[in-house]
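Protein chains in written order, with my numbering: chain C, 3 to 210; chain E, 3 to 210.
Glycine included, each C-beta is placed from N, C-alpha and C at the ideal position.
Please read the structure below before turning to the comments.
2 protein chains.
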Amino acid sequence: MTETADTGPEAAPPPRRFTGPKRSADVHDAILAAATDIVAEQGYAAASIEAIARRAGAGKQTVYRWWPSRAALLAEAYRRLVPPERLLGVPSDDPAADIEVAIGRLMRIYNRTPAGRILTGLAASASSDPAAAEALRSGIMFGDDRAFALPLRTAVADGVLPPGFDVDAAVETAVALIWHRLLTAPDSLDGTFARSVARRVMTVGGKR
Amino acid sequence: MTETADTGPEAAPPPRRFTGPKRSADVHDAILAAATDIVAEQGYAAASIEAIARRAGAGKQTVYRWWPSRAALLAEAYRRLVPPERLLGVPSDDPAADIEVAIGRLMRIYNRTPAGRILTGLAASASSDPAAAEALRSGIMFGDDRAFALPLRTAVADGVLPPGFDVDAAVETAVALIWHRLLTAPDSLDGTFARSVARRVMTVGGKR
DNA sequence: TATCCGAGACGCGGCGTCTCGTATAAACAG
DNA sequence: CTGTTTATACGAGACGCCGCGTCTCGGATA
Numbered sequence: 003m004t005e006t007a008d009t010g011p012e013a014a015p016p017p018r019r020f021t022g023p024k025r026s027a028d029v030h031d032a033i034l035a036a037a038t039d040i041v042a043e044q045g046y047a048a049a050s051i052e053a054i055a056r057r058a059g060a061g062k063q064t065v066y067r068w069w070p071s072r073a074a075l076l077a078e079a080y081r082r083l084v085p086p087e088r089l090l091g092v093p094s095d096d097p098a099a100d101i102e103v104a105i106g107r108l109m110r111i112y113n114r115t116p117a118g119r120i121l122t123g124l125a126a127s128a129s130s131d132p133a134a135a136e137a138l139r140s141g142i143m144f145g146d147d148r149a150f151a152l153p154l155r156t157a158v159a160d161g162v163l164p165p166g167f168d169v170d171a172a173v174e175t176a177v178a179l180i181w182h183r184l185l186t187a188p189d190s191l192d193g194t195f196a197r198s199v200a201r202r203v204m205t206v207g208g209k210r
Numbered sequence: 003m004t005e006t007a008d009t010g011p012e013a014a015p016p017p018r019r020f021t022g023p024k025r026s027a028d029v030h031d032a033i034l035a036a037a038t039d040i041v042a043e044q045g046y047a048a049a050s051i052e053a054i055a056r057r058a059g060a061g062k063q064t065v066y067r068w069w070p071s072r073a074a075l076l077a078e079a080y081r082r083l084v085p086p087e088r089l090l091g092v093p094s095d096d097p098a099a100d101i102e103v104a105i106g107r108l109m110r111i112y113n114r115t116p117a118g119r120i121l122t123g124l125a126a127s128a129s130s131d132p133a134a135a136e137a138l139r140s141g142i143m144f145g146d147d148r149a150f151a152l153p154l155r156t157a158v159a160d161g162v163l164p165p166g167f168d169v170d171a172a173v174e175t176a177v178a179l180i181w182h183r184l185l186t187a188p189d190s191l192d193g194t195f196a197r198s199v200a201r202r203v204m205t206v207g208g209k210r
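Here you go:
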């Protein structure tokens with residue numbers, strides 16, 4: 003997927019030279035890539051620390067040295083797959099269209115990468131891992147959040163949307179609808195859904 | 003489900019003999035109660051099959067005899083805590099108020115019982131356990147779903163809401179908003195939130 | 001010499017299966 | 001009506017497996 007997706011789950015560890023008493027970026031990347039690939043191929047539950055280290059050809063201690071928990075590791079993997087700037091499009095004078103574009107891009111990423119599965123897995127860990135809970139609350143969805151809020155705020159500032167438009171309620175509704183779909187029907191995250199969400203988001207905020 | 007399986011799909015004429023002791027309702031209840039209590043006191047992750055059996059004073063095999071998975075067991079525990087008929091109030095001519103009442107009752111249950119934590123835990127398991135995924139999709143939220151859809155449908159039928167009112171979109175929005183709040187800020191499931199959701203749900207559907 | 005790395009041993013605990021012994025309740029025989 | 005037979009539910013717990021998080025090792029490198 004992101005790296006050596008060749009011979010299967012137990013491929014030979016890629017040759018890697020570490021840099022001595024400095025942190026090895028290669029190892030760091032290999033671990034994240036291994037985590038991503040395992041989730042893609044076998045699901046979130048299969049992405050144990052041991053399995054990740056094994057696949058990355060790394061020692062468990064190396065993983066624990068840089069990430070405090072499985073959730074923290076996978077949260078970073080998610081952020082790599084869903085960089086916030088990738089969701090933002092060219093701003094137009096139609097906030098509904100802008101948001102639909104942003105949601106559509108997010109859906110594309112969820113369809114082509116294990117990002118969605120990582121997110122739902124993280125939600126699962128949140129009940130027991132406070133780090134995962136915090137990541138969910140402020141970190142992970144923040145990018146998406148901003149991608150949805152930005153077009154709305156500028157539209158309100160420019161008078162395209164009425165001053166009373168409830169940006170917070172609109173954004174919360176968008177995020178909630180995407181979450182819900184992700185949890186209950188992750189196969190239906192397509193353009194049609196993006197359009198449907200965008201329409202409802204504008205209605206909730208109070209367009210016109 | 004509630005009784006011992008009968009002869010099954012086979013139409014084998016040979017009349018079967020014999021029966022043995024009956025399923026113990028006490029044990030069944032004790033296991034569900036133990037599961038509920040453990041989630042309430044130590045969280046979803048602590049509610050392992052072994053811990054549940056230990057607390058219920060039951061053997062592991064007894065648990066596995068009646069529930070195929072931890073998710074199935076906890077799904078039944080959830081259904082006990084949130085019987086659909088408890089959400090429905092006296093129908094009025096104001097669907098928005100009816101829905102606010104239903105949501106408010108649900109919030110009350112989530113605040114007083116571990117039902118909310120069971121639900122989020124189930125959502126977490128859904129990524130790896132197909133049974134949990136199925137329970138989420140069709141079983142669990144069905145009651146809530148109906149409690150929200152019913153007032154809307156009757157209101158449309160009675161002409162209180164316009165014929166074009168999108169009941170499905172409205173219900174999906176309500177469920178999604180509750181889910182989202184449950185996952186990210188379970189402490190804020192109060193009456194204010196119920197009112198806020200009810201308002202948005204009516205807007206999304208296309209009131210007036 | 002200090003630190004990163006791979007490797008893996010350790011005790012712990014839950015998994016799901018399996019096997020005991022015991023208590024029970026229907027089916028059957030007398 | 002009265003045993004006897006037979007199948008099952010039950011508590012208890014042993015089993016092999018696996019992942020957890022911690023802890024050493026020896027080797028490599030700046």
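Assuming the contact rule is C-beta atoms closer than 8 Å, residue i and residue j should be a hit. Round their C-beta distance to whole Å, please.
i        : j        : result
Gly145/E : Pro86/E  : 3 Å
Ile142/E : Tyr80/E  : 6 Å
Ile147/C : Val177/C : According to the sequence shown, residue 147/C is Asp rather than Ile. Indeed they touch by this definition, with Cβ atoms about 6 Å apart.
Ser127/C : Ala126/E : 7 Å
Ser129/C : Tyr46/E  : 5 Å
Leu124/E : Ala134/E : 5 Å
Pro164/E : Gly208/E : 7 Å
Ile105/E : Ala196/E : 4 Å
Ala60/E  : Val29/E  : 6 Å
If we count the other Cβ atoms within 10 Å of its Cβ and call it buried at 16 or more, is residue i buried or exposed?
i        : result
Val92/C  : exposed
Thr194/C : exposed
Asp160/E : exposed
Arg183/E : buried
Met204/E : buried
Phe20/C  : exposed
Trp68/C  : exposed
Tyr66/E  : exposed
Arg210/C : exposed
Arg211/C : Residue 211/C lies beyond the range of chain C shown here (3 to 210); nothing can be said about it.
Ala157/E : buried
Ala149/C : buried
Arg18/C  : exposed
Pro153/C : buried
Ala187/E : exposed
Arg25/C  : exposed
Ala27/C  : exposed
Pro70/E  : exposed
Ala200/E : buried
Ala58/C  : buried
Ala55/E  : buried
Ala49/C  : buried
Taking only heavy atoms of the ligand ZN into account, decide whether any of them is closer than 7 Å to the Cβ of residue i.
i       : result
Asp95/C : The ligand ZN is not among the ligands present in this structure, which contains no ligands whatsoever.
Inset, instruction - Take every Cβ of the stretch 73-84 of chain E, pair it with every Cβ of the stretch 34-41 of chain E, and state whether three or more of those distances are shorter than 8 Å. - result: yes
Legend entry - Inter-stretch contact at 8 Å, needing at least 3 Cβ pairs: the stretch 109-119 of chain E / the stretch 36-54 of chain E: yes
Inset, instruction - Please specify which runs of the alpha helix (DSSP H), each continuous and at least 4 residues long, are wholly inside the stretch 72-111 of chain C, giving them in chain order. - result: 72-83
Inset, instruction - State whether the stretch 95-110 of chain C contacts the stretch 160-176 of chain C, with contact taken as three or more CB pairs (one from each stretch) at a distance under 8 Å. - result: yes
Inset, instruction - Let me know the alpha helix (DSSP H) ranges lying completely inside the stretch 154-192 of chain E, each 4 residues or longer, listed in chain order. - result: 169-186
Inset, instruction - Please go through the stretch 17-69 of chain C and give each complete alpha helix (DSSP H) segment of 4 or more residues, from N-terminal end onward. - result: 27-44, 51-58 and 62-68
Inset, instruction - Taking only runs that begin and end inside the stretch 109-136 of chain C, name each unbroken alpha helix (DSSP H) of 4 or more residues, in chain order. - result: 117-127 and 132-136
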